[in-house]
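Below is one structure, written out as structure tokens; comments come after it.
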Amino acid sequence: SARIHAAPLPPGSALPGGGAVLSVEDVTALENAEEMRRDFVANVSHELRTPLTALMGFIETLTGFAKDDPKARERFLGIMAREASRMNRLVGDLLSLSRVESDERRRPDATVDLSAVLRGATQTLQGVAEAQNVQLLRSGEAGPLRIKGDADQLTQVFSNLIENAIKYGGSGGEVRVDVERIAHEPVLRGPALRVSVIDKGEGIDPRHLPRLTERFYRVDTHRSREQGGTGLGLAIVKHIVNRHRGRLRIESAKGEGARFIVTLPET
Ligand code: ADP
75 SARIHAAPLP PGSALPGGGA VLSVEDVTAL ENAEEMRRDF VANVSHELRT PLTALMGFIE
135 TLTGFAKDDP KARERFLGIM AREASRMNRL VGDLLSLSRV ESDERRRPDA TVDLSAVLRG
195 ATQTLQGVAE AQNVQLLRSG EAGPLRIKGD ADQLTQVFSN LIENAIKYGG SGGEVRVDVE
255 RIAHEPVLRG PALRVSVIDK GEGIDPRHLP RLTERFYRVD THRSREQGGT GLGLAIVKHI
315 VNRHRGRLRI ESAKGEGARF IVTLPET
């Protein structure tokens with residue numbers, strides 16, 4: 075869309091007979107950014123209010139009829155602890171997101187061993203995988219893989235992807251993390267490392283794929299909430315990958331599992 079400004083010329087200006095200045099400014103990008111910001115604020119408010127309303131309700135119950143009922147108290151306090159930790163996770167993810175967005179332009183320059191990052195992320199999630207009867211497997215390149223990056227942020231990328239694969243694709247029984255070395259990646263125009271996180275679960279209907287990395291976008295909101303999801307994981311992943319000048323690709327079809335592919339420049 076365009077915004078048109080019309081203003082009469084000031085008296086004494088050069089054009090004979092007066093006239094007007096007409097300037098046309100493309101405001102589509104601005105309007106979209108403004109709309110996205112508004113949506114984001116509305117979403118955050120909604121996501122925070124849900125657990126907050128639950129907490130307020132239980133506080134009322136605990137100070138009211140359940141005051142002298144130890145069994146009810148214990149049960150309600152358990153639910154309150156869960157709701158509070160959901161709020162805590164959400165605030166944590168919001169902070170991560172704003173941090174990675176604000177330093178997205180500064181490319182990280184520390185030397186990181188991607189193999190060690192993947193080992194760390196896999197080890198941390200071993201317990202979660204076992205609890206869901208999922209086998210966590212590694213394949214491909216195994217030796218040290220040096221790249222320029224931020225170890226904590228890269229750990230967050232692969233932890234998020236592996237955790238999602240277990241949470242949403244765990245029914246397939248296994249999650250595999252595969253690493254390939256690519257001598258010349260055409261889009262990145264140089265040597266690259268390609269890490270794929272592959273599950274054999276239910277997969278994702280392709281119509282969702284283009285929006286999956288948007289903040290708060292979920293295929294099934296109820297399911298995500300049940301699993302403790304904030305809807306921000308993939309948005310954080312995308313920004314960190316961008317900061318590393320890498321690429322994120324998602325391949326999936328309903329019923330065929332999902333494959334999240336992160337390609338990172340090697341130098
Ligand atoms: P959440 O906190 O909801 O997990 P994410 O941003 O990490 O948020 O993921 C967004 C949505 O993408 C999830 O709610 C889920 O619907 C879908 N998703 C992510 N990973 C997978 C996967 N491996 N298989 C199927 N669906 C997935």
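Take the sequence shown: its position 262, counted from the start at 1, is 336 in our numbering, and no numbers get skipped.
Glycine included, each C-beta is placed from N, C-alpha and C at the ideal position.
It should be emphasised that the depicted structure is a prediction, and the values quoted were computed from it without experimental measurement.
When the alpha-carbon of N234 is set against those of P125, N162 and G303, the nearest one is in G303. Bounds of the beta strand (DSSP E) holding S326 are R321 to S326. By the Cβ test, the segment 326-338 is in contact with the segment 266-275, since at least three Cβ pairs between them sit closer than 8 Å.
According to the DSSP assignment, K312 belongs to the alpha helix (DSSP H) that extends over G307 to R317. V231 has its CB no nearer than 7 Å to any heavy atom of the ligand ADP. Under the 8 Å Cβ criterion, the segment 119-130 counts as touching the segment 148-158, having at least three qualifying pairs. The beta carbon of A203 sits closer than 6 Å to the beta carbons of L210 and I240 from its chain, once the five residues preceding and following it are set aside; these are given in chain order.
Counting only runs that start and end inside the segment 219-274, the beta strand (DSSP E) elements of at least 3 residues fall at 220-223, 248-259 and 264-273. Remark: the shortest separation between the CB of V293 and any heavy atom of the ligand ADP falls under 7 Å. In the structure shown, D294 falls within a coil segment according to DSSP collapsed to helix, strand and coil. In terms of Cβ geometry, E215 and V253 form a close pair [threshold 8 Å].
DSSP, reduced to helix, strand and coil, places P339 within a strand of the structure shown. In the DSSP assignment, Q301 falls outside any alpha helix (DSSP H), carrying neither H nor E. The three-state reading of DSSP puts R181 in coil, since its state is none of H, G, I, E or B. For R147, the enclosing alpha helix (DSSP H) covers residues P144 to S176. Here I221 is near V186, since their CB atoms are less than 8 Å apart.
Between V249 and V311 the beta-carbon gap is near 16 Å, outside 8 Å, which marks them as no contact. If you check the C-beta of N238 against the ligand ADP, you find a heavy atom less than 7 Å away. Where Q209 is concerned, there is no enclosing alpha helix (DSSP H), although the beta strand (DSSP E) around it starts and stops at Q209 to G214.
Taking 8 Å as the cut-off, the beta carbon of G305 is found closer than this to the beta carbon of Y291. Here V101 carries a coil assignment [DSSP, helix/strand/coil].
R333 carries a strand assignment under DSSP once its states are collapsed to helix, strand and coil.
Relative to the ligand ADP, even the nearest heavy atom lies 7 Å or more away from the CB of I314. Contact check for H313 and L171: beta-carbon distance about 7 Å, within the 8 Å limit, so the pair qualifies.
The three-state reading of DSSP puts D187 in strand, counting E and B together.
Residue V191 holds the alpha-carbon nearest to the alpha-carbon of V251 among V191, D143, D167 and A184. Using a cutoff of 7 Å, the CB of A309 counts as near the ligand ADP, since one of the ligand's heavy atoms is closer than that. Between the ligand ADP and the CB of G247, the shortest heavy atom gap is not smaller than 7 Å.
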